[in-house]
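Peer 1: Going down the list, the sequences are from chains A and B.
Heads up: the first sequence is residues 1 to 332, going by my numbering.
Heads up: the second sequence is residues 1 to 275, going by my numbering.
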Amino acid sequence: MRKFTQQEIREIIRTAQLLAPQFTGDQYQKLVQMQQEMADSEFIEAAWGVYQLQQEYGIPCSETPGKYVQLLKDTAEAESRLSRLKEQRKIEGEKLDQMVKAVRQVKEERHRGEKELELFRRQSEDEKKRLKEELEHTMQEAQVNRDDVAIAIKLKAEVESHRLDLELTLGLFEEFAGDEDATRHLAEAVAEYGSQLEAREVLRKQNEALRVEEEKRQENLAELRTECQRDQEVLSQLRTDLAEQERLRRFWQRFKGTSQILEYLARWDQVIPMRCNWFFCGARFLVDQGPSSFRTKLTCPCCGLGLVYYDDEAFTTLGLSYRTPIKIELGE
Amino acid sequence: MTIIRKHIETFEEAIALAFRETQLEGMKPEVSRLFAAMLDTISRQEVKKLVTSAVRNQYGKDAEWDISNWWQVAVPLPRYEARGLPSLIVETRAYSVASVEVTRGWGRRSWHIALVEPLGKPRMTLLPLCFLQALLDGNEDRYRIVGKDGRWTLREVAGLKQPLRLHDDFVNQLHHVFRLEPVADWLDDFGSRGHSLVPLVVGSLLGLMHRGDSASVPIEQQAYSREMLIDIITGMGYGVARAQRVLERAEPELRAGMTLEEATRIVLKHISEEV
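1) Pull the bridge partners of isoleucine 4 (chain B) from the DSSP assignment, please.
2) Any idea which residues DSSP pairs glutamate 64 (chain B) with across the strands?
3) Counting Cβ pairs closer than 8 Å, one from the stretch 73 to 92 of chain B and one from the stretch 125 to 140 of chain B, do we hit at least three?
4) Give the straight-line distance between the Cα atoms of lysine 49 (chain B) and tyrosine 59 (chain B), rounded to the nearest whole angstrom.
5) Have a look at B:Gln133, B:Ala98, B:Glu248 and flag the residue whose alpha-carbon is nearest the alpha-carbon of serine 43 (chain B).
6) Starting from arginine 14 (chain A), find everything on chain B with Cβ-Cβ shorter than 8 Å and list it in chain order.
7) Could you check if phenylalanine 43 (chain A) is buried or exposed, using at least 16 other CB atoms within 10 Å of its CB as the buried criterion?
8) Give the single residue among B:Ala158, B:Leu77, B:Gln45 whose Cα lies nearest to the Cα of glutamine 23 (chain B).
9) List, from N- to C-terminal side, the alpha helix (DSSP H) runs of 4 residues or more that fit wholly inside the stretch 251 to 329 of chain A.
10) Considering only the alpha carbon of each residue, which of B:Val31, B:Ile233, B:Pro252 lies closest to threonine 264 (chain B)?
11) With DSSP run on the structure shown, which of helix, strand or coil describes histidine 167 (chain B)?
12) Is the distance from the Cβ of glycine 84 (chain B) to the Cβ of glutamine 17 (chain A) below 8 Å?
13) Any Cβ of chain B within less than 8 Å of the Cβ of glutamine 52 (chain A)?
14) Give me the chain D residues within the contact set of glutamate 8 (chain A), using Cβ-Cβ distance strictly less than 8 Å, ordered along the chain.
15) Run down chain B in chain order and give the residues with a C-beta less than 8 Å from the C-beta of glutamine 29 (chain A).
16) List, in chain order, every chain A residue whose beta-carbon is nearer than 7 Å to that of glutamine 221 (chain B).
17) Taking glutamate 61 (chain B) as the reference, give the member of B:Ile271, B:Thr103, B:Trp111 with the closest Cα.
18) Can you give me the start and stop residues for the alpha helix (DSSP H) that lysine 30 (chain A) sits inside?
19) What are the start and end residues of each continuous alpha helix (DSSP H) run of 4 or more residues lying completely inside the stretch 117 to 177 of chain B, in chain order?
20) Report yes or no: do the stretch 16 to 35 of chain B and the stretch 167 to 182 of chain B share at least 3 C-beta pairs separated by less than 8 Å?
21) Would you mind telling me which residues of chain A sit closer than 8 Å to glycine 207 (chain B), beta carbon to beta carbon, in chain order?
22) Are the beta-carbon atoms of glutamate 13 (chain B) and tryptophan 65 (chain B) separated by less than 8 Å?
23) Can you say whether glutamate 8 (chain A) is buried or exposed, counting buried as having 16 or more other CB atoms within 10 angstroms of its CB?
24) I need the straight-line Cα distance from leucine 197 (chain B) to aspartate 137 (chain B), nearest angstrom please.
25) Pull out every residue of the stretch 36 to 69 of chain A whose Cβ sits closer than 9 Å to any Cβ of chain B, in chain order.
26) Return the residue from the list B:Thr52, B:Glu273, B:Tyr80, B:Arg142 that minimises the CA-CA distance to alanine 243 (chain B).
27) Under 8 Å, CB to CB, which of the residues in the stretch 153 to 185 of chain B have a partner in chain A?
28) Exposed or buried, what is serine 96 (chain B) when buried is set at 16 or more other beta-carbons lying within 10 Å of its beta-carbon?
29) Identify the continuous alpha helix (DSSP H) that holds glutamine 88 (chain A) and give its terminal residues.
30) Is it buried or exposed for cysteine 61 (chain A), if we count other Cβ within 10 angstroms and need 16 for buried?
31) Skipping 5 residues on each side, what residues in its chain have a beta carbon closer than 8 Å to that of valine 50 (chain A)?
32) Between which two residues does the alpha helix (DSSP H) harbouring glutamate 30 (chain B) extend?
33) What does isoleucine 153 (chain A) pair with, by DSSP beta-bridge criteria?
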């Protein structure tokens, strides 16, 4: 905002007074102050509040402070009520959430139960179907039909009406059906054991005892077989040791005379087989060159001629590398 | 016609050249844009004629030239008038600023020049301060529209012999300006000349604002004006010429801010001396 100088202000007031004689310097200052206050947003807000009070509630400016205090109280009360309501809403909201969760859980459980029930129903249907098929198949295999089954049921009822066990009855039929001399066998069994049933029981026990005895015998036989196998392994080891001892003995007998020579040669740094190529000599000998470098120009220790060369035959026979000095190393 | 060896490309540069031509200080381009609406538009042919004359005078008949661009610039010069209805009178001079590329007929080299030429007579725009006050208050509609000529509107303003004729664009822009800045700042945009008018215009506007309250003030206690004193003297049966002579004699004793009663006493004394 532009600031006027004192001179400009005087000129403004004087010019204004030409048109409005009652215009004074105080009015000008008030106007300037008002302009400054208009630039202040808080002042505008306050003035707007007073204006709204007057327009909306018909409260005159003089009653504004009292009304303002009352409104402040009302606002505080409303805010506290609002906070209470918010808290209540929060609690209710939490309750509602819990309820929704519970309902959701119940729904899920119900859904799961329905699924399980459906699954069970399908399984039972499958099982029923399978049993039916199995029954059909069994009946086909057994070459029976529903009439036969009905007869069997009737037969079972008949047998039970005579206070007999169906299994036992069938066992007796099985026993005596193919026996042409069933009457005689039955008489013998009765004579020996008192009844056919007791005879069967005695025989069953005897069979059981025999079976136990047979099992024990089989166990002993297995133990004996294991022991025999172990002894055979020991025997095989002893035979191997004996063969090795024999081989060593023969080796000792053969090389015990030359062991001194080998011990002596082992002390050489290197052994080189050499040969005299003179026609009338042909001597063979071993050379230890010693620490000095090897020399091929040697003289024969027998004829004294210098026709000495490597003994290639010795290298080949001993399977050594061609013309490489030999180092003899003995074992422990 | 002024020729400046410079290449100008924008309207702002053209405005600056026109302001330099009139040797104005501190004037802002915004006021030139505002008063441009009050000018009659000139045609390219007129500009071409002006440029042809200027280039031939300066560079000879064999010079060739081409107008790159041209602008019409308004240079407003405000003054305050308190006689009768207090008003702001703006004398708007129009300048043609052309950017021209010149080549001599026998050469290949070319260069740019700027031609600044005043156009016609200045246009006088009368802005009664009561109308400015109405614009500031946003109730300029209280002035009855008595005529419309294209984009020009004639309003009847009490105290003016002729209806006030203003371009609609000018009024709209002025209305927009007053929403953004106070009158004092707007006058400062005119430079030093506008700055000197600020106290008078602001004082008059304040007086107009509070004039409604002056009804309660007795007329003898109101500040005198020359017109009031002439009315009083002629009302006594003297002629206007005599009344003016009396005022000339009383002038050394009269001062601004004096009440009508005090001024009348002095005038009466001089009438008796005149008789």
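Glycine included, each C-beta is placed from N, C-alpha and C at the ideal position.
Peer 2: From the atom records:
1) In the DSSP output, where bridge partners are listed per residue, isoleucine 4 (chain B) has B:Ala114.
2) For glutamate 64 (chain B), the pairing in a beta bridge is given by DSSP as B:Thr103.
3) Touching, yes.
4) Here the alpha carbon of lysine 49 (chain B) sits roughly 15 Å from the alpha carbon of tyrosine 59 (chain B).
5) Per the Cα distances, B:Ala98.
6) Residues of chain B passing the Cβ test: Gly203, Ala256, Gly257.
7) Answer is exposed; the Cβ neighbour count stays below 16.
8) Nearest option by C-alpha distance: B:Leu77.
9) Listed in chain order, they are 259 to 266, 312 to 318.
10) Closest by alpha carbon: B:Ile233.
11) DSSP places histidine 167 (chain B) in strand when its eight states are reduced to three.
12) No. Outside cutoff.
13) No, glutamine 52 (chain A) does not count as interfacial toward chain B.
14) Here the protein chains are A and B, and chain D is not one of them.
15) Near glutamine 29 (chain A) there are no residues of chain B at all, since even the closest Cβ is about 12 Å away, more than 8 Å.
16) What glutamine 221 (chain B) touches in chain A: Pro21.
17) Going by the sequence as given, residue 61 (chain B) is lysine instead of glutamate. Lysine 61 (chain B) has its Cα closest to that of B:Thr103, out of B:Ile271, B:Thr103, B:Trp111.
18) Following the DSSP letters along the chain, one finds lysine 30 (chain A) inside the alpha helix (DSSP H) bounded by residues 25 to 38.
19) If we require 4 residues or more, the alpha helix (DSSP H) runs fully inside the stretch 117 to 177 of chain B come out as 129 to 137.
20) Contact holds: three or more Cβ-Cβ distances are below 8 Å.
21) From the beta-carbon of glycine 207 (chain B), the residues of chain A found nearer than 8 Å are Thr15, Ala16, Gln17, Leu18, Leu19, Ala20, Phe23.
22) The criterion of a C-beta distance shorter than 8 Å is not satisfied by glutamate 13 (chain B) and tryptophan 65 (chain B).
23) Buried: at least 16 other Cβ atoms inside 10 Å.
24) Roughly 21 Å separates the two Cα atoms.
25) For chain B, none of the residues of the stretch 36 to 69 of chain A brings a beta carbon within less than 9 Å of one of its beta carbons.
26) Nearest to alanine 243 (chain B) by C-alpha distance, out of B:Thr52, B:Glu273, B:Tyr80, B:Arg142, is B:Glu273.
27) Per Cβ criterion, the list reads Pro182, Ala184, Asp185.
28) Serine 96 (chain B) is buried by the Cβ-count criterion.
29) Its alpha helix (DSSP H) spans residues 64 to 141.
30) By the neighbour-count criterion, in which a residue is buried when 16 or more other Cβ atoms sit within 10 angstroms of its Cβ, cysteine 61 (chain A) is exposed.
31) If we look at valine 50 (chain A) and ignore the five residues flanking it on each side, its Cβ neighbours are Cys61, Thr64.
32) Glutamate 30 (chain B) -> alpha helix (DSSP H) spans 29 to 36.
33) Note: isoleucine 153 (chain A) sits in no beta bridge, so no partner.
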